[in-house]
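Shown next, in structure tokens, is the structure this report addresses.
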Amino acid sequence: MSSLVQDETECKSTLGTLLYTERKIYGFSAKVVDVILPTSSLFGHVEYKLELKASPHNAIDNEPRIFNMSTRFKVISRLYSTLAMIHRNLYLKDKFPSFAEPKFFGTASPETVTERRNAIDNFLQFVLNNETLCKSRALQAFIEKENVNAEVIVKKGESEKKPVKNANTFKTAADMVTPLANMPYEEQLEFKFNLSHDIMLYIIRKLNYANVYDTFCYNVLQKVLPAPSITAYRNKYERPFNEFSRKGFWKMLTVKDFLGDCMLIVTVHPHTDKEQRLVEKFLHPQNPEDLLPDCNVTSIFWQEQVNSSDDKNYEHLAGPPFVYESLLGCNFRISPSTFFQTNSTGAAVLYSAIGDLLKLPKLINAPGSGKFCRMEKLKNNKNVLKEEEKNVVEKLEDNKVGEEDKEECNAKKPRLDEEKMDEKELNEPQKHGSNVFLDICCGSGSISICLMARIRQSIQEGTISDYSKVPFGCVGIDLNTEAIQDARRNASENGFDDKRYKKWGSLNEEIALPIFFVSFLSRTICLVYDMHNQFKAICKFLCGQAEGIFKDLKYYLPTGCSIKDANIMGILDPPRAGIPDKAIIGCRKLEQLKTLIYVSCDPHAATKNFVDLCRPMSCKFDGQPFKIVAIQPVDLFPMTRHLEWIVKFERF
């Protein structure tokens, strides 16, 4: 008989099954938590209480599982001998740890107990880190015989342990989708703060492994920003089909629901016989609103897809090809394949927090978005009467002022501006430099456009200098062609377009020109064009690889901005898994990039990017490393374990 189990069905315990099948999900550790000495010095045995913990690699989706057991040194010593022989016979890697020698007398002495306790800790940790030894029949039999079934669950933020009542309890769909629905919202925020703290400690360990020890302090983690709305906040919903059986015709239904617009994307598994008939019968109305009158459907798309990794090709069936959303006073056009935050009201909080971390000036009258905007109006209505009374008093005082003093009174600033003079001086950019937002993975350009709108509104409120003194602008980069087209249109509709690039940008979309040829043409034409026109406060959006565009970034900067003295502030909002090493290296090599904002919906999955940005210089990772100066969690997904992180990196 083989010394290793051949199938998970041979594992008779919960912990044994986890060790065999769930190593990609959990990391395992073991330690002696308590020692029970015998009541008599002549008779009895020393009992060692062990705690075996299964810690999830992704702390957002899973919770730690803890198993307790009590055993004797003699049993552990017998297991040690068996596993040592298996390790030797199978020629496994790593040196097998040493163990404490057996003793007949003095087993309860403090020296012996300490020696055996350390030996048990080292031995069990070595075994749990070895995948082959975890599949051994000896270890599985030990777990089953010692009855390691006292599993406990530790709730985040609590030291109290509660035993599992029934491991086979079925969960409803609501429990799976919104596991925190029954928890008060204040406790949800506390839960997510503790979760963020655990992830931060995990990142610190990974940084230490990369020889980075002074990256940031523990106080960089800030309190979780709450969501404006905790129910009915999603603007996107997907209903997938069974990926395992891969049977059927209907694959997925995606609903993008915004204010006044609703887009349906029907994804199907291609079939030659049924496809045309189903399209003609169900999804080809003259007016999309006739399909579902109560749901206000405005546009319908049809998509054929065999695998989820295939290229996404959308067929427009009815209605306008876009939907629109309002966010922080800006309007955005969204295509079927363009990414947009699934929580519009939460995105307003997210983008405002990004502006605060970039030390942009505070807005006196900050616009909202969607339902959040209407909520703000309701709150502001309470102060309308007070403001009108103040205006009446000010008018009466102005009438008393003589004609000689009118100009002096008009030049006075509001009291609010006087209180914020120190902040204004800090936030105001240098006169000899230029400020550029580098929006990497920009999508529809929502982040950079909202930041530009914040600067423009602050100019109108008088809290920052005009563009004529210091040029501002942004450069957006994305691989999605439709997203770049939407971003350019959004910049134009919000007053941040660059007319000199409009013609050549459309030509590059129709004809696949090499990037070096496009950069040469754009540089030549723009130099001539700038002799007669000046455009400031503009946004440029480019389709291509970020690391390739970084090399020619000086040709794409807004008018009046020079790469030599530019203060480039990066905003990186990548997919869930992060971005490739080439893009990270490109950010490190860009010397003018002193501040980088990393927005992550899964900080645990983005840990590698965090470490690569901070690791010391090497042959692979060139450029000065960054340091983490702030971590701002934002609750974009209430009632779930997920949250958004805003990580601010800086280098000097």
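Counting from 6, one number per residue, gives the positions in the sequence shown under this note's numbering.
Where is the CB? At the ideal position from N, CA and C, for every residue including glycine.
Predicted model, so just to flag it, every value in this text is computed and none were measured.
Taking a contact as a CB-CB distance under 8 angstroms, the pair LEU577 and VAL604 counts as one, their CB atoms being some 7 angstroms apart. Here the segment 314-334 makes contact with the segment 261-278; the two share three or more CB pairs at distances below 8 angstroms.
Counting C-beta pairs closer than 8 angstroms gives fewer than three between the segment 15-27 and the segment 106-125, which falls short of the contact rule.
ASP444 carries a strand assignment under DSSP once its states are collapsed to helix, strand and coil. Distance from the CA of PHE254 to the CA of PHE337, rounded to the nearest whole angstrom, comes to 33 angstroms.
Residue ranges of uninterrupted alpha helix (DSSP H) with 4 or more members, entirely inside the segment 68-103 and ordered along the chain, are 78-94.
Here the segment 596-603 does not lie against the segment 185-203, with fewer than 3 beta-carbon pairs under 8 angstroms apart. Going by C-alpha positions, LEU138 is about 18 angstroms away from LYS36. Each residue's CA atom was taken as its position, placing LYS556 and PHE657 some 21 angstroms apart. For the pair GLY32 and ILE148, the CB atoms are not nearer than the 8 angstroms cut-off. Per DSSP, PHE306 is one residue of the beta strand (DSSP E) stretching across 304-309. Here ILE633 is not near VAL616, since their CB atoms are 8 angstroms or more apart. With fewer than 16 neighbouring CB atoms inside 10 Å of its own CB, THR14 falls in the exposed class. Under the DSSP assignment, PRO115 falls in the alpha helix (DSSP H) whose first and last residues are 115-134. Residue burial annotation: ARG459 is buried, with at least 16 other C-beta atoms found within 10 angstroms of its C-beta. As for any alpha helix (DSSP H) of minimum length 4 sitting wholly inside the segment 597-625, the runs are 612-619, ordered along the chain. Partner residues in a beta bridge of ARG493, as assigned by DSSP, do not exist. For GLY478, the uninterrupted beta strand (DSSP E) segment begins and ends at 477-483.
The beta carbons of GLY448 and PHE345 sit about 7 angstroms from each other, so the pair counts as a contact at 8 angstroms. Here THR564 carries a coil assignment [DSSP, helix/strand/coil].
The beta carbons of PHE78 and PRO102 sit no closer together than 8 angstroms. Counting other Cβ atoms within 10 Å of its Cβ, ASN348 reaches 16 or more and is therefore classed as buried. In this structure THR177 is exposed. Its beta-carbon is surrounded by fewer than 16 other beta-carbon atoms within 10 angstroms. Rounded to the nearest angstrom, the gap between the Cα atoms of SER75 and HIS50 is 12 angstroms. DSSP places ALA178 in no beta strand (DSSP E) but in the uninterrupted alpha helix (DSSP H) bounded by 178-182. Taking 8 angstroms as the upper bound for CB-CB distance, GLY575 and THR612 are not in contact here, some 19 angstroms apart. With a contact defined as Cβ atoms closer than 8 angstroms, GLY360 and ALA232 miss out at about 18 angstroms. A residue is called buried when at least 16 other Cβ atoms come within 10 angstroms of its Cβ; THR343 meets this threshold and is buried. Around the beta carbon of LYS150, a 10 Å sphere encloses fewer than 16 other beta carbons of the protein chains shown; the residue is thus reported as exposed.
Taking 8 angstroms as the cut-off, the Cβ atoms of LEU648 and VAL354 do not count as close. C-alpha of LYS364 to C-alpha of SER357: approximately 11 angstroms in a straight line.
Sixteen is the threshold: since fewer than 16 other Cβ atoms of the shown chains lie within 10 Å of the Cβ of TYR96, the residue is exposed. Rounded to whole angstroms, the separation of the alpha carbons of ALA551 and VAL480 is 11 angstroms. Cβ-Cβ distances below 8 angstroms link ASP126 to ALA35, LYS36, VAL37 in the same chain, with the five nearest sequence neighbours on each side left out; the list follows chain order. Look at LYS256 here: in three-state DSSP terms it is strand. For ASP266, the enclosing beta strand (DSSP E) begins and ends at 266-273.
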